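Protein chains in written order, with the numbering used here: chain X, 1 to 273; chain P, 1001 to 1262. All residues carry an ideal CB built from backbone N, CA and C; glycine is no exception. Everything numeric in this text was worked out from a predicted model, so none of it was measured.
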């Protein structure tokens, strides 16, 4: 056992311990954690408006249960894929504590990645049962797909959205190595995300020109793609090419992150030294 | 009284000078404000494009609610939140002692200590939306209606401020509270729609427990001349009562304060 473990590369050998630390940290700050989770109110607020709209009939093919399912799925995907690693990175860059990560014999992004994985796991422990309950209580379960192939696609879509959210959040955090106002870049990013990702409104509700503009951007792949698959708005023949495109965006964003990091970390001495 | 006005002027001057140091922030702040405007308006425009009327509100009328949401959000971000963050910091680090020994009311000092002037852009955009809404409606409010809306706005600011003061008071007992501000913001987001959108228990919650209806929907109704006088007066009385209670709790909390170092 120990021989098998020591033959693993060091970054992989460190992973279980780092994951455990991430979980324990999330658990230690559980009250804060839950307050953060409660702050995700926007899907409920949009659902209230849309419910008022559907009192007088359907809109763009959405009726009341369809909207309920859409926004509950939105809430689920946001909880499972959202990433706020940018805040931690900006703070560590500003205060110079990033140096502590740089001297360790592992890639600093690996620390952030594993911490994000354990945070997501902890968040899913709370959010998945509660949102499942909401589906049942609100009577929206019937609008979800049951086909195992499509469910598999939805899971893939969630995984892809997680990777995109994490790498892009980390990439904007890495910008902190170049410019002081990377937080402002994040604010802009979140603003675009809100509008174009289908988080506020299903993209189908947009006027056609805005919808096609949104779909040519990466934002839908960060949020609405798995929601649309889960709520049965794509069949298998549509879902697979979209997932491929998501994988393409993910590969591109990983490359961007690594490039930004490699060039940026050389400039870090400016803060620490 | 004149002493406090002089103090207020001095505090405002200090905040403005501080903000003027970071001029790039002004540009970024302006862009962000425009951005938030787009993302507040977009759902409204998209949804009302499909229906002439939702929950009893036409687009022009609903825009008045959005306008008041922007206005109050601007005031909240410009004046209430910065002070809230500052005082929670004071409590955590123990520097509140320096405020308490100053010969002026501590509540006044902490709540005027920090302004973010750039956020005024948000509030101004609210006024802009209101003007646009009336152009769209084709009628203009009478002076009395504007007066009623302004009185309700003052009451709303009093409620927002009192809620913030309650959060600060809680910080004397539970130290880590910064994220309650975000929760508060997230709940305030519900004020962007006319309150008739909400039904059942939610309507009661947002009218009486967290009076969001009072803050954005009532001023809009007042401008449209649809708010009953008794409802308006009751709202203002409720706000005044709430402010008095918040002040009493703050005084108790500060008596409880034992400084972080001791």
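Take the Cβ of residue i as the centre, count every other Cβ of all protein chains shown within 10 Å, and call the residue buried at 16 or more, exposed below.
i              : result
residue 167/X  : buried
residue 1142/P : exposed
residue 1215/P : buried
residue 147/X  : exposed
residue 234/X  : buried
residue 273/X  : Any reading at residue 273/X must be qualified, since the residue scores a pLDDT of 44, below 50, and its modelled position is unreliable; the value itself is stated next. It counts as exposed.
residue 1002/P : exposed
residue 1204/P : exposed
residue 1211/P : buried
residue 56/X   : exposed
residue 1023/P : exposed
residue 67/X   : buried
residue 1091/P : buried
residue 1018/P : exposed
residue 1209/P : exposed
residue 1250/P : buried
residue 180/X  : exposed
residue 125/X  : exposed
State the Cα-Cα distance for the pair residue i and residue j, rounded to the nearest angstrom.
i              : j              : result
residue 237/X  : residue 244/X  : 12 Å
residue 1076/P : residue 151/X  : 43 Å
residue 197/X  : residue 1245/P : 43 Å
residue 1/X    : residue 10/X   : Because the pLDDT at residue 1/X is just 48, under 50, the model does not fix this residue reliably, and the point stays unresolved.
residue 1268/P : residue 263/X  : The question about residue 1268/P has no answer here: the residues shown for chain P are numbered 1001 through 1262.
residue 189/X  : residue 85/X   : 14 Å
residue 1262/P : residue 1152/P : The predicted position of residue 1262/P is uncertain, since its pLDDT is 43 and thus under 50; no value can be drawn from it.
residue 203/X  : residue 1224/P : 33 Å
residue 27/X   : residue 35/X   : 13 Å
residue 281/X  : residue 1082/P : Since the first residue of chain X shown is 1 and the last is 273, residue 281/X is not available in this structure.
residue 1163/P : residue 54/X   : 34 Å
residue 1157/P : residue 1009/P : 20 Å
residue 1011/P : residue 1114/P : 7 Å
residue 261/X  : residue 1030/P : 29 Å
residue 20/X   : residue 119/X  : 10 Å
residue 115/X  : residue 1101/P : 44 Å
residue 1065/P : residue 266/X  : 50 Å
residue 111/X  : residue 254/X  : 16 Å
residue 209/X  : residue 1045/P : 15 Å
residue 143/X  : residue 78/X   : 19 Å
residue 1229/P : residue 1133/P : 23 Å
residue 1016/P : residue 184/X  : 20 Å
Measure from the C-beta of residue i to each C-beta in chain X and report whether the shortest distance is under 8 Å.
i              : result
residue 1180/P : yes
residue 1215/P : no
residue 1092/P : no
residue 1028/P : yes
residue 1262/P : Legend: pLDDT at residue 1262/P = 43, less than 50; position of this residue unreliable, value from coordinates given subsequently. Answer no: the Cβ-Cβ gap between residue 1262/P and chain X never drops below 8 Å.
residue 1202/P : yes
residue 1103/P : no
residue 1187/P : yes
residue 1198/P : yes
residue 1173/P : no
residue 1193/P : yes
residue 1024/P : yes
residue 1190/P : yes
Which residue from the options puts its Cα closest to that of residue i?
i              : options                           : result
residue 128/X  : 35/X, 253/X, 200/X and 81/X       : 81/X
residue 40/X   : 1179/P, 1252/P and 1241/P         : 1179/P
residue 140/X  : 249/X, 131/X, 31/X and 69/X       : 69/X
residue 1112/P : 1133/P, 1135/P and 1080/P         : 1080/P
residue 93/X   : 173/X, 223/X, 235/X and 34/X      : 173/X
residue 1126/P : 1220/P, 1160/P, 1144/P and 1184/P : 1220/P
residue 242/X  : 8/X, 157/X and 254/X              : 157/X
residue 131/X  : 161/X, 44/X and 186/X             : 44/X
residue 1062/P : 1171/P, 1192/P and 1160/P         : 1192/P
residue 25/X   : 121/X, 104/X and 256/X            : 121/X
residue 187/X  : 1006/P, 1014/P, 1032/P and 1027/P : 1032/P
Does the beta carbon of residue i come closer than 8 Å to any beta carbon on chain P?
i             : result
residue 49/X  : yes
residue 167/X : no
residue 39/X  : yes
residue 72/X  : no
residue 24/X  : no
residue 273/X : Residue confidence is low: residue 273/X scores 44 on pLDDT, short of 50, so the model does not pin down where it sits. Its coordinate-derived value is still stated next. Answer no: the Cβ-Cβ gap between residue 273/X and chain P never drops below 8 Å.
residue 205/X : yes
residue 200/X : yes
Whose Cβ in chain C lies nearer than 9 Å to the Cβ of residue i?
i              : result
residue 1183/P : You won't find chain C in this structure, because its protein chains are X and P.
Legend entry - Contact list for the region 1029–1041 of chain P against chain X, Cβ threshold 8 Å: 1031, 1032, 1035, 1036, 1038 and 1039
**Prompt:** Listed in chain order, which residues of the region 184–198 of chain X have Cβ atoms closer than 7 Å to some Cβ of chain P?
**Reply:** 184, 187, 188, 191, 194 and 195
Short of 7 Å Cβ to Cβ, which residues in the region 1044–1072 of chain P face chain X?
1046, 1047, 1050, 1051, 1054 and 1055
Using a Cβ-Cβ cut-off of less than 7 Å, give me the residues of the region 1225–1247 of chain P that come near chain X, in sequence order. none
task = May I ask you to list, following chain order, the residues of the region 51–65 of chain X that have a beta carbon less than 8 Å from some beta carbon of chain P?
result = 51, 52, 53, 55, 56, 59 and 60
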